[in-house]
Structure formats: C-alpha cells, structure tokens
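Protein chains in written order, with the numbering used here: chain V, 6 to 350; chain C, 6 to 350. Just so it is clear, CB atoms sit at the ideal spot from N, CA and C, and this is done for glycine as well. Note that the coordinates shown come from a computational prediction; the quantities given were computed from them, not determined experimentally. Written below as structure tokens is the structure these notes are about.
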C-alpha cells in the first residue's frame, strides 16, 4: 500500500534492503572510506582489454557480490534495475547479460542509484516483484574519454571540475517481511528536471544543485518534515560547489537551514586536498558505492536511523554540450530507515 | 493487486490507456500507415538547428499532443517514463524538461515503448501514480550518424539492414477506473537479455529474435495461453529477417506455431519494396508510433481485443560494436486488452 502526497510516495510496509555491496578502484580505496568497501581493485582494467568492458566487469562483480551477501542466487532475483553513463548504458547491459535476470535499463546519469531504488521499491511494494537488485556503476577512464578528453591529453582541470569515481554499488531488495530486521525504503520521490541554463560541463555541481534543492525542499514540504527529523540528508555528488549552492538555495528560497545534517557523497569519498579531485567525486558509482558501503551498514546496525538519500544527475551528453545546450539536472529522493527505527517523518 | 506467474505479472484491475499519439516524418507518412498518424512533419529538422534537437522536439510535441488528447494538462501527469537511442538518452531529457513532470529515464533501445508501458503500469497499479505518460522517440538522422555513418557518406546498405523510423509515440495511462471504457494493460513481462553472439550491427533482427522468442514463449508458458488466444502478437521491429527467425525459433524450440497471428511493427510501417528499406523499419519510434497510431485506436473501438505487444531492443553502442562485442537483445511483453474485451488468457 502506498500513499501519495505531492509527488512523494510513502510505503506503509516499505521494501527492505537485504544487502548492499560496493567495489571500487585504487584511488577510491585510498580515500577516507577505503575500509568500508567490499573490495578495492588495484588494476583499473579489471583484467579486460577495454575500459568499457572494465566498467562492465566491475558492475557484474558488484552485483554478484551483493546477491551472494544477501544469501541468494541470481535465479532468486525477480528483476534488476541498472543504468550508467556509457553511451546506450552499455556497461549495464553487458554486465547484466551474465545473470539471466529480467532487466529494466535506466538512464539517470549520476542519479541512477536513487532511480533504481525508487523503481525497485515501487515494483516490490506493488507485488510485481518479490526481490530486486538496484545497481549502477561508473569508471573514470570511460567517462573521461567519452565526456571530456582522451586520457593521454592531460589537460588542466578547472577548480569546479569533479572526479568520476571508479566504483559500483548494488543493493538487493525484498518485499517487506515483518520477521526481518532490515533497513527499509520508507518513501521515494521521483525528481523533476531543473535547468537554470548552466552550460559549463566542468561545473556539474552548479547544474545539479537546483534539482537537488527541489528534491529536498519538495520532500520536506510533502511530508511536513524538517531537516532535524533526519540523521542525514545525503546528496549524491554535488561536490563542494554544488553543496554550497544547495545550502544557499534552500535557505534563500525555502527558508530551510540544512545545519549539520547534510553531507554529499562527492565530498565523502575522496580527500579533496590530498587526492587532488578539485570540487569532489562524481559519477553514478559515487553515490552508489558510498550508500552501499558506508551508509547501509550504519542503517543496518542502527547507527543511523533516518537517511534522506538524494542522488543527483546531470542529463547532458557530449553532443548536447558541444551543441551549446544547457545541462538538465535531476534529483530523485529515497527515504531510508533503520530496522525498528524512528517513525518516518 | 498483481499476481506473478513465472516472470509474468498480471493485473486484476489493469491500468488503462486514456489516449495515445504518434507523430512521424515524411517517409513514415508515405508508408502504409500514413493515414493513422496524428501528424506528419515534412521537415526532418522539425525547425531545429541540429538533428538531436529535432528528435527532442518531435518527442516533446508527441507527448504534448497525447496529454491534450487525454484531456489532461502536464500538471495532472504524475510521472513520465521515456528513453531513446541518443547517447545519454538526450532526446528524452531535453524533451521532458519542458513539462515539469517527475521523470524516470529509461534505456531499452527499441524495446523502450514496452519498457515504459511496463513500469508505468506497475507504478499505477501500486498506487504510486494516478496518471503516467509512457513515451519514446527515434530519428533516422541522429541514429544514422551515431551508430552507422555520416549522412553524407551515402554507403550501400546490406539486405539485412533496417531503416530507423523518424517518429515518436506517447501514451497517457491512468489507474484502473471501472467507469471508464478504455483499453487496459492486463499483464506485463519484463525481458531477460539474450545474446547468441551476433556481431553484425547491420543485422539487428537476428540479434533481437532470440529475446523476442523468449518473450513470446515465456508469456505463453506463464499464462497457459496459445497464439490463437490473441488477435495479434505484435513484435516491435524485428523486420523481415528477425520475424522469419522468430517463427522458426518458436516452432523448433517450443513447438509454437504463430500462424497468422503475428505481425511486426518494422514490417507494417514501411512498404519494404516501394520504400527501399531493406529488412524493414526499426528504432524506438517504430513500435511506439505503430502502437499509438494504429493499434490503440483499434483496441479502443474493439476491432482488436487482445494484443500481445513485444517490443525488442538491441542493447549495443557504437563503441561496443567497434570493440567487436556481440549484441545483447531484449524484449519486454505487454498484454493489451480492449475495453470490456475478452477475458485475458
């Protein structure tokens, strides 16, 4: 059963997250969250002849690991939701091919983890599926050459630029089962595209901040909650520029002060100074790996009770940028609660 | 309420299709279904400076027209599902941007119309949404230069090649309302990727046929139905090569004879001989425009009662093809029934 207020969908018996897994590359493993990841792969090729196949292999391994951690086999998964940044979401298609599981391909750019969780939760809640996997991946080397420059070019990065995470996250979800003490998806809010005319593809944070602002303000409005009702409002890869803008927009336009309750996956995964990542991390795998490796375990053991996960995406293509188009931003919000946690706001 | 058998999801009170719209280009308008489309645009640029923007404008107009035909405004639409063939599904993002409607981006290549209907139906059935738009688009000129050659190149096309449709389809759906006499989505079956190793990007029909075979055979198995229980089993852009292969695979591997109940959107939209399209039409907009312009009206007036719509997608990218990868195929099945039609099989 679901109830709809504004554009927020609340579940009476929210689908549960059975397990999450996150695999990352060496640079991510060297960051502040290094110890949290399920595995750190020092070889950026993941043993494959192309970067694109490396990204697929990273995702395939992550999904496989998540299913194993959930104590399931692929045959017990009813549906798999995934997408990525590669043209035609090829990383996902080639990864998922190996599992023989019904597949719904998504495109949400860096918002994909929240989109996959949203659609998985709706499908589980409806009874259409009993189990689902929500996943996504990004790889620095495929993103860099597809959206920016050949890796060998060695161009200067602007201060607003973010560093695409080589990493993947996958979560195994199930229909609500009252006997299981597991984190739940208590609510979801599919995002609406916002485009304020930012055309600088090296400043994704600014392009995505208005959508993130809408997602947070909208969720608070729809549910009557205040920031203090959450242990954490976690945006997915706004970086420093976008995070500052989000706080400013919320305060100025909605009178909402995020206080100390906000953090951003793009700021958590790297040490910005020591790791030379400029405005922070980005890529579908950024929020996905931070969520699955760092946040889900804390929800599972009750160290966090109520987390509003707001993954943000910049829906541009290399073509649209070259053709002078502005960057449409989107942000999907997912409310995660601990087992037997506080009442949802 | 939904019931799940195998991987088929059946709805007790299937979401209803309020209206559909399809806009196409000149070549499609000159074809056998020309009179069915809502509009035929003689200018392939749709008044835009780039092909990519032309494709977006085509989709935006189609969605707007469908919402208008449904007697709604964009503000009354709870969610919009769309995807396309452009890198990063840019045609959809830039089209949807104008509507300020919550947006779930999809990637299913040419299977997108069935994927968008599937996820819209699940979300409506669950109560998450009251209304939804399911849509997709393709444009010959963007697809040709992205996947094949510059338009100016003028290369020979192989006999197995298909012609990407310039067209879009959009359907407005609502939660089941017993007072409304409207076609319903009675069941959906999300597809599983099949890849038998076809590497010829000029032979999509062969790459997609095994997935189509699985979708049809699986749906029949899950529901205990026979081909004769349907007025039409409509595949989405297998073309002649893929359609022949589908019939052969079904007969040989499953003992299923499609008889005269099968047709393919790629064979219906063009006159293959007169219009020089080789194996037939293709592209997301092929099955979407045939469904919305030709099939939905016949379902609405009861000329068709039970249609199994199986849109097929080839999940390759230009990169994956150049890197020698085979082509993953997928096919999602959607059972459409007329208002007060026959019982679903």
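Query, Result
"Going by alpha carbons, who is nearest to residue 275/V out of 159/V, 266/V and 287/V?", "287/V"
"Whole angstroms is fine: what's the gap from residue 58/C's alpha carbon to residue 96/C's?", "7 Å"
"Going along chain C in order, which residues have a C-beta closer than 8 Å to the C-beta of residue 52/V?", "In chain order: nothing, as chain C lies at least about 15 Å away."
"Considering only residues of the same chain and omitting the five flanking positions on each side of residue 75/V, which have a CB-CB separation below 6 Å?", "23, 24 and 177"
"Tell me, please, whether the region 97 to 115 of chain C touches the region 102 to 113 of chain V by the rule of three or more beta-carbon pairs shorter than 8 Å.", "yes"
"Per DSSP, residue 45/C is paired with what?", "29/C"
"Along the chain, where does the beta strand (DSSP E) that runs through residue 268/C open and close?", "267 to 269"
"Do we get a CB-CB distance below 7 Å when we pair residue 179/V with the residues of chain C?", "no"
"Could you run through the region 295 to 307 of chain V and flag, in chain order, every residue whose CB is less than 9 Å away from some CB of chain C?", "none"
"Look up residue 201/C in the DSSP assignment and say whether it is helix, strand or coil.", "coil"
"Is the beta carbon of residue 163/V less than 7 Å from the beta carbon of residue 207/V?", "yes"
"Residue range of the beta strand (DSSP E) that residue 189/C falls in?", "189 to 194"
"DSSP three-state call for residue 340/C: helix, strand or coil?", "strand"
"Rank 242/V, 320/V and 119/V by C-alpha distance to the C-alpha of residue 152/V and give the top, closest one.", "320/V"
"For residue 217/C, which residues in the same chain have their Cβ closer than 8 Å to its Cβ, ignoring the five residues on either side in sequence?", "240, 243, 247, 251, 315, 317, 334 and 336"
"Assuming residue 19/V contacts residue 181/V under a Cβ cut-off of 8 Å, what Cβ separation, rounded to an integer in Å, is found between them?", "6 Å"
"Run the CB neighbour count on residue 265/C, radius 10 Å, all protein chains shown included, and call it buried at 16 or more, exposed below.", "exposed"
"Using the rule of at least 16 other Cβ atoms within 10 Å of the residue's Cβ for burial, across every protein chain shown, is residue 161/V buried or exposed?", "exposed"
"According to DSSP, is residue 58/V part of a helix, a strand, or is it coil?", "helix"
"If we call anything under 7 Å between Cβ atoms a contact, is residue 133/V one with residue 14/C?", "yes"
"Listed from N- to C-terminal order along the chain, which residues in the region 132 to 164 of chain C have their beta-carbon within a distance smaller than 7 Å of any beta-carbon of chain V?", "132 and 133"
"Can you give me the Cβ contacts of residue 233/C inside the same chain, cut-off strictly under 8 Å, excluding the 5 residues immediately before and after it?", "264 and 266"
"Determine the burial state of residue 129/V: buried for a count of at least 16 other Cβ atoms within 10 Å of its Cβ, exposed for fewer.", "buried"
"Can you tell me which of the three DSSP states residue 330/C falls into?", "coil"
"At a CB-CB cut-off below 7 Å, which residues of chain V make contact with residue 109/C?", "120, 124 and 195"
"Counting C-beta neighbours from all protein chains within 10 Å, is the total for residue 347/C 16 or more, i.e. buried, or is it exposed?", "With a pLDDT of 43 at residue 347/C, under the threshold of 50, the modelled position of this residue cannot be trusted, and the question is left open."
"With a CB to CB cut of under 7 Å and the five nearest residues on each side skipped, what residues in its chain are close to residue 81/V?", "136"
"Please determine if the region 115 to 125 of chain C and the region 28 to 44 of chain C are in contact, where contact requires at least 3 C-beta pairs separated by less than 8 Å.", "no"
"Please list, in chain order, the chain V residues whose beta carbon lies closer than 7 Å to that of residue 112/C.", "88, 93, 94, 110, 111 and 112"
"Residue ranges of each alpha helix (DSSP H) run of no fewer than 4 residues wholly in the region 80 to 151 of chain V, ordered along the chain?", "95 to 101, 117 to 131 and 145 to 148"
"Assign residue 316/C to one of three DSSP states: helix, strand, or coil.", "strand"
"Could you tell me whether any Cβ in chain V is nearer than 7 Å to the Cβ of residue 287/C?", "no"
"Mark residue 157/V as exposed unless 16 or more other C-beta atoms lie within 10 angstroms of its C-beta, in which case mark it buried.", "exposed"
"Considering only heavy atoms of the ligand ADP, does any lie closer than 6 Å to the CB of residue 286/C?", "Absence of the ligand ADP from the depicted structure is noted, as is the absence of any ligand whatsoever, leaving it without description."
"Using the Cα positions of residue 61/C and residue 101/C, report the straight-line distance between them to the nearest angstrom.", "9 Å"
"In the DSSP assignment, find the alpha helix (DSSP H) that holds residue 224/C and state where it starts and stops.", "209 to 228"
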